[in-house]
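Position in the sequence shown (first residue = 1) + 68 = the numbering used here.
Heads up, the beta-carbon is just placed ideally off N, CA and C, and yes, glycines get one too.
Remarks on the structure that follows.
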Amino acid sequence: MAKKHPVDPNAELGNGGEVHQVAQEGDQPMTTNQGLTIADDNNTLTVGPRGPQLLEDFVYREKMTHFDHERIPERVVHARGYAAHGFFQAYESHAKLTKAAFLQDPSIKTPVFCRFSTVAGRAGSFDTARDVRGFAVKFYTSAGNYDLVGNNIPVFFIQDGMKFPDLVHSVKPEPDRDFPQAQSAHNTFWDFVSLNPESMHMLTWIMSDRAIPRSFRMMEGFGVHTFRMINEQGESTFVKFHWRPKLGTFSLVWDEAVKIGGADPDFHRRDLWTAIESGDYPEWELCVQAFSEKQAAEFDFDVLDATKVIPEELVPLTPLGKMVLNRNVDNFFAETEQVAFCPSHVVPGIDFSNDPLLQGRLFSYLDTQLSRLGSPNFHQIPVNQPKCPFANFQRDGHMQMQIPTGRVANNPNGIDEGSPRQCPKSGFETHPAEESGAKLRIRPESFADYYSQARLFYRSLTEPEQRHMAGGFAFELGKCDIMEIRTRMLGHLYNIDTELADRVAKQLGMQGQEDKIEPVVTPRDPKPSEALSQYAKAPQTLKGKKIGLLTTDGVDAGLLAMLRKTAEEEGAMLEIVAPKAGPIQTAGGKEVIPDHFLDGAPSILFDCVVVAPAEDNADQLAQQAAAVDWIRNAYSHLKVIGYNQAAKQVFQGAGVATEGETGVVDIGGGEFDGFVAEAKKYRIWERESKVRPAMV
Ligand code: HDE
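Written out as structure tokens, the structure reads:
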């Protein structure tokens, strides 16, 4: 609570009722950036009370100049993001695999900073857009900062960094009209990807539920490229990085994601911030798929190709340790906006492969930080500074924050005995992989199978996931009004999987209109891999989920207490929604302050819902469009809905039956066991055939 401050006596000099808070004894005085104490922060310097303003007013000019320069260029991609601090802890020493300092000692907690992001939208776009999510982690290790700059999808659109500017331009708003924002559902994107068959595998992921995650806390993360781990003996092992969320991987349904975009554009950041503030710290397990060069040579795809996964049946995951995010930032701009990730920030024990996409990234990130943060001293910004000592002879530049001492700034030197010196034994050494060959601009032939793994992904999904993917393609292509793009894409889809293509063609009303596209490599029929599906392995749990209760004045206090206890026991969060924002009264006359006002809290904000009005007020609730929509939306978003007897008339208004409907559960006077058992299933997938028959 802010202290009450005495009002500025100046208020009497013509400032009406304005509140001018002035410092009391012991308060920190407000000053200019030069430390000059400010007497008046509300009025500019003028000639007389109604006269012109004076240029002399340096206090005003300093304040306004700083304000005018508050913005820096947003990231060209991944502009909208959210981050938190935490730590990483190895389960045991992984010395056999790597000499990376943070993977040696299980008693050490390495500080981390983790930023999640969408890719296409501007910084002010909405959280739930269909998009790949960035999953970037900075480890402040004792041997320097290590940045694992990954995504929540294990593959990428393109195989070579040269194409990245074109890919990004195609997905950004079209340049003549500047829309659509934060969306891939438009002509330029689908034109580009349909002319780049290497995108097909990634497209199946982007059109799947993975691209509309329920929460950052419920997303997997992937390093995407093949990296190397190097041990003390200098032995190299190839690795692919995976983050596995402790809560399981869950997604929204499409219509819900679209509506949340309007109801709460900050849905994902609010979710992460709230969980951390309430002490419910999200956790991920870091794993690797570790494999030798010899193994890699035997796979029927190239491990240097970032459009391919390594099925876990081929190389299982080795868990390395866990990451816990336990502290929100103090200041969004200083930390989340100014954090600078670079895949080139590695530590001894981690090295690169020749993946051309990875190699392309090694240049881009450092370059982009220079233009975004404006100075080669961006490593001195607190969030970017290593937490271990760092020293070299790089000097000067914009915004130099350090004061290097001493006479010399050159290496070698014979003048300053205290100079930093290179360390051939402990310093970073590139793995001496043997390379030879002609200089060429050519893609390896081993990258040319564009369809087999897209097929693998589709066929590894559960039936609901498959139909969502088809729905995603149909929706996006339906937004493309250049027919050649649709027919070209349908041609590709037929190369991926006939059933998938038929489903999309049917929804577009374009059966038989696909182009014939001859694959360079005939797609194989890979064995499905269950690990690629999120729902085949989803835990049945309410942990980390949100229950919404719609109720009214006169609610039974016992029912409320039971639901609260149930939510607590299940590790879920309960939020109360009522037709008015002010306190409601329980039947016993106790005041309860709702978390939300009905008009501002549609059921889309919750994972499962309970509708339990008081008998006397149910009638009025049934007339509220927002209450009817609450139930209708929860039903069509396949959520589990609990109800009491009084709620039945609201259900009638919504056209939702309470009898004989799976996932619509009578809670009687507070019997939540049946509700919880259903709600743990997350969604009632079989209901989809009733609410979206065209998709099924
Ligand atoms: Fe990025 N990417 N990227 N990217 N990327 C950026 O760097 C780039 C790629 C990823 O939270 C930029 O600081 C190229 C793959 C994340 O701050 C830029 C290529 C993966 C973030 C850039 C790729 C990523 C970025 C823009 C193809 C997953 C946000 C602002 C060769 C493995 C990090 C910035 C954060 C950000 C370039 C492809 C992940 C322009 C050239 C593949 C998570 O440098």
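Per DSSP, Phe-525 is one residue of the alpha helix (DSSP H) stretching across 520–528. Here Gln-448 has Met-469, Gln-470 as same chain residues with Cβ atoms under 7 angstroms from its own Cβ, once five neighbours each way along the sequence are excluded.
The count of Cβ pairs closer than 8 angstroms, one atom from the region 263–280 and one from the region 374–383, reaches three, so the stretches are in contact. By alpha-carbon distance to Ala-715, the top candidate from Ser-494, Ala-695, Ala-538, Asn-701 is Ala-695. In the displayed model, Met-270 falls within a helix according to three-state DSSP. Judged by DSSP secondary structure, Leu-393 falls outside any alpha helix (DSSP H) and instead within the beta strand (DSSP E) spanning 386–396. Only residues of its own chain outside the window of five on either side were considered, and among them Phe-194, Asp-195 have a CB closer than 7 angstroms to the CB of Pro-333, listed in chain order.
By the C-beta density criterion, Thr-256 is buried, having at least 16 other C-beta atoms within 10 angstroms. Closest option to Gln-157, judged by alpha-carbon separation, among Val-392, Lys-164, Ser-487: Val-392. Relative to ligand 1, the nearest heavy atom lies less than 8 angstroms away from the CB of Arg-429. With a threshold of 8 angstroms, the Cβ atom of His-293 counts as near ligand 1, since some heavy atom of the ligand is closer than that.
If you check the C-beta of Ala-374 against ligand 1, you find a heavy atom less than 8 angstroms away.
A direct Cα-Cα distance of roughly 14 angstroms separates Thr-590 from Leu-524. For the alpha helix (DSSP H) assignment, the uninterrupted runs of no fewer than 4 residues enclosed by the region 299–341 are, from N- to C-terminal side, 322–331. By the Cβ neighbour-count rule, Thr-166 is buried, with 16 or more other Cβ atoms within 10 Å of its own. Taken in chain order, the whole beta strand (DSSP E) runs of length 3 or more contained in the region 602–652 are 614–618, 641–646. For Thr-186, the uninterrupted beta strand (DSSP E) run begins and ends at 177–186, by DSSP. Around the Cβ of Arg-556, a 10 Å sphere holds 16 or more other Cβ atoms; the residue is buried. Checking the DSSP bridge columns, you'll see Asp-215 partnered with Lys-206.
Counting the other Cβ atoms within 10 Å of the Cβ of Asp-398 gives fewer than 16, which makes it exposed.
Counting along the chain, Val-127 sits inside the alpha helix (DSSP H) bounded by residues 126–136. DSSP places Gln-157 in no alpha helix (DSSP H) but in the uninterrupted beta strand (DSSP E) bounded by 149–158. Leu-689 is a Cβ neighbour of Pro-647, given a cutoff of 9 angstroms.
Phe-719 is not a Cβ neighbour of Val-733, given a cutoff of 9 angstroms. For His-336, the closest of Asn-478, Arg-554, Phe-170, Gly-149 by C-alpha to C-alpha distance is Gly-149.
For Asp-419, the pairing in a beta bridge is given by DSSP as Arg-296.
For Trp-698, the enclosing alpha helix (DSSP H) begins and ends at 693–704. In this structure, ligand 1 has a non-hydrogen atom nearer than 8 angstroms to the beta-carbon of Asn-219. Between Asp-684 and Thr-619, the alpha-carbon positions lie close to 12 angstroms from each other. Separation of Ser-262 and Ile-553 (C-alpha to C-alpha, rounded to the nearest whole angstrom) is 7 angstroms. Boundaries of the alpha helix (DSSP H) harbouring Phe-719: 716–722, taken from the DSSP string. Per DSSP, Trp-753 lies in no alpha helix (DSSP H) segment and is marked neither H nor E.
Look at Thr-436: its beta carbon is less than 8 angstroms from one of the heavy atoms in ligand 1. In the pairwise beta carbon analysis, the region 274–281 is classified as touching the region 533–545: at least three pairs are separated by under 8 angstroms. Taking 8 angstroms as the upper bound for CB-CB distance, Asp-215 and Cys-355 are not in contact here, some 18 angstroms apart.
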